[in-house]
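This report refers to the structure that appears directly beneath it.
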Amino acid sequence: MKTFKYLVIIFLSATLVNCGSNTGSKKNGFSIKTNAEKGNISNNETLKLDLENLKSHTIDSVSYTFEGKPIENILNLSEYKLGKHTVEATVYFNGDKQTINTVITILASELPKVYTYNIINEYPHDITSYTQGLEFHDGKLYESTGQYKESKLRLVDYKTGEVLKNINVADQFFAEGITILNDKIYQLTWRENTGFVYDVNSFEKINSFKYGNSKEGWGLCNDGKTIYKSDGSENIWLLNPETLTEDSHIEVYTNKGKIVGINEMEWINGTIYANRYQKDGVAIINPKNGAVIGVIDFSPLKKKVTQHEGLDVLNGIAYNPDTKTLFVTGKRWDKLFEVEIIEK
479 MKTFKYLVII FLSATLVNCG SNTGSKKNGF SIKTNAEKGN ISNNETLKLD LENLKSHTID
539 SVSYTFEGKP IENILNLSEY KLGKHTVEAT VYFNGDKQTI NTVITILASE LPKVYTYNII
599 NEYPHDITSY TQGLEFHDGK LYESTGQYKE SKLRLVDYKT GEVLKNINVA DQFFAEGITI
659 LNDKIYQLTW RENTGFVYDV NSFEKINSFK YGNSKEGWGL CNDGKTIYKS DGSENIWLLN
719 PETLTEDSHI EVYTNKGKIV GINEMEWING TIYANRYQKD GVAIINPKNG AVIGVIDFSP
779 LKKKVTQHEG LDVLNGIAYN PDTKTLFVTG KRWDKLFEVE IIEK
């Protein structure tokens with residue numbers, strides 16, 4: 479088991495986040511004490527709050543909020559999203575009032591499970607495709623490719639590698655991930671703050687949209703109702719498919735810290751499978767709270783494709799509900815792999 483634990487730690491390269499400083503406490507001598515260790519606490523724990531009265535003021539009352547909502551001084555964290563959260567205390571004393579806050583980081587309580595895979599089939603894939611998005615819809619495989627002056631949206635016969643339909647994206651855009659919902663293809667661009675919407679049958683562009691708080695466009699997936707968008711950070715944004723506004727977000731964390739570089743994504747059986755950029759692996763994410771519940775190391779696949787100067791990292795995940803198998807490829811790979819996932 480130690481080997482698996484080290485594999486998870488190396489693959490995920492978690493960034494520890496220690497946040498626990500109090501702000502606004504110097505003026506009148508109050509600070510918030512918590513049981514979070516260096517600001518970090520697991521989501522299976524209970525957060526306990528206490529007010530430090532550093533100048534022995536006569537306190538009339540104190541109230542707490544967690545992300546702006548009133549709470550008691552004891553809070554069960556199991557239902558909350560992972561990541562950074564602000565705790566605020568409002569203190570009334572000696573006819574005066576002071577508001578102070580501190581930041582805690584909620585971590586996953588469990589180490590991610592480690593999965594491996596069996597290769598079922600290998601199919602040809604366009605070696606020139608800088609794969610950014612991959613998705614099955616009605617048994618057909620759709621692909622988005624990147625790079626300026628090379629970006630495309632395609633319908634592909636996955637068994638032969640034949641391109642059945644293709645449109646070129648304008649030269650000033652670097653295309654990224656795609657997802658398909660309600661007979662519409664949604665496609666991101668990288669740094670252009672622009673997404674496109676196409677008719678799934680004709681590839682006619684019917685709309686475009688701008689991003690909100692997310693800085694870049696990386697990957698997309700959907701659960702049939704909501705679109706999930708990655709931006710290369712630890713954040714995954716939840717988009718309303720009608721307005722394409724970013725209504726909320728989750729932050730991706732393990733039991734050690736945040737996971738950045740979330741890239742191409744796929745919704746599979748209630749979870750999000752996500753490539754991590756330049757890691758040649760996939761994180762399995764709980765979409766309710768952002769916890770990484772599993773990892774798959776696909777790094778051996780890169781050795782099975784033609785080695786050439788333009789060869790790049792693993793990127794591209796597509797689940798075929800007809801075969802109940804996963805399809806993965808990479809940037810400028812000449813093979814598409816059909817695999818089944820197995821828990822170690």
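Residues 479 to 822, numbered by my numbering, are exactly what the sequence shown covers, in order.
Even glycine gets a Cβ: it sits at the ideal position worked out from N, Cα and C.
Enumerate in chain order the residues of its own chain whose CB-to-CB distance from residue i is below 8 Å, with the five nearest sequence positions on each side excluded.
i: residue 521; result: 555, 556, 558, 560, 584, 585, 586, 587, 767 and 769
i: residue 803; result: 598, 797, 816, 817 and 818
i: residue 724; result: 689, 690, 691, 692, 707, 715, 716 and 717
Are the Cβ atoms of residue i and residue j separated by less than 7 Å?
i: residue 708; j: residue 690; result: no
i: residue 667; j: residue 681; result: no
i: residue 582; j: residue 648; result: no
i: residue 713; j: residue 694; result: no
i: residue 710; j: residue 687; result: no
i: residue 739; j: residue 751; result: no
i: residue 742; j: residue 639; result: no
i: residue 540; j: residue 569; result: yes
i: residue 603; j: residue 658; result: no
i: residue 567; j: residue 549; result: no
i: residue 662; j: residue 644; result: no
i: residue 600; j: residue 612; result: no
Return helix, strand or coil for residue i, following the three-state DSSP convention.
i: residue 819; result: strand
i: residue 642; result: strand
i: residue 734; result: coil
i: residue 602; result: strand
i: residue 803; result: strand
i: residue 688; result: strand
i: residue 722; result: coil
i: residue 607; result: coil
i: residue 680; result: coil
i: residue 789; result: coil
i: residue 711; result: coil
Specify, as a first and last residue, the run of the beta strand (DSSP E) that residue i falls within.
i: residue 528; result: 524-531
i: residue 633; result: 630-634
i: residue 659; result: 653-659
i: residue 754; result: 749-754
i: residue 783; result: Unbroken run through residue 783: none, as it is neither H nor E.
i: residue 792; result: 792-798
i: residue 666; result: 662-667
Please go through the same chain and pick out, in chain order, the residues whose beta-carbon is closer than 7 Å to the beta-carbon of residue i, but skip the five residues on each side of it.
i: residue 591; result: 771, 772 and 821
i: residue 782; result: 813
Considering only residues of the same chain and omitting the five flanking positions on each side of residue i, which have a CB-CB separation below 6 Å?
i: residue 526; result: 513 and 552
i: residue 594; result: 820 and 822
i: residue 807; result: 603, 609, 794 and 814
i: residue 719; result: 659 and 705
i: residue 764; result: 771
>> Give the list of continuous beta strand (DSSP E) stretches no shorter than 3 residues that lie fully inside the segment 517-592.
In response: 518-520, 524-531, 537-544, 547-549, 552-554, 561-571 and 574-585
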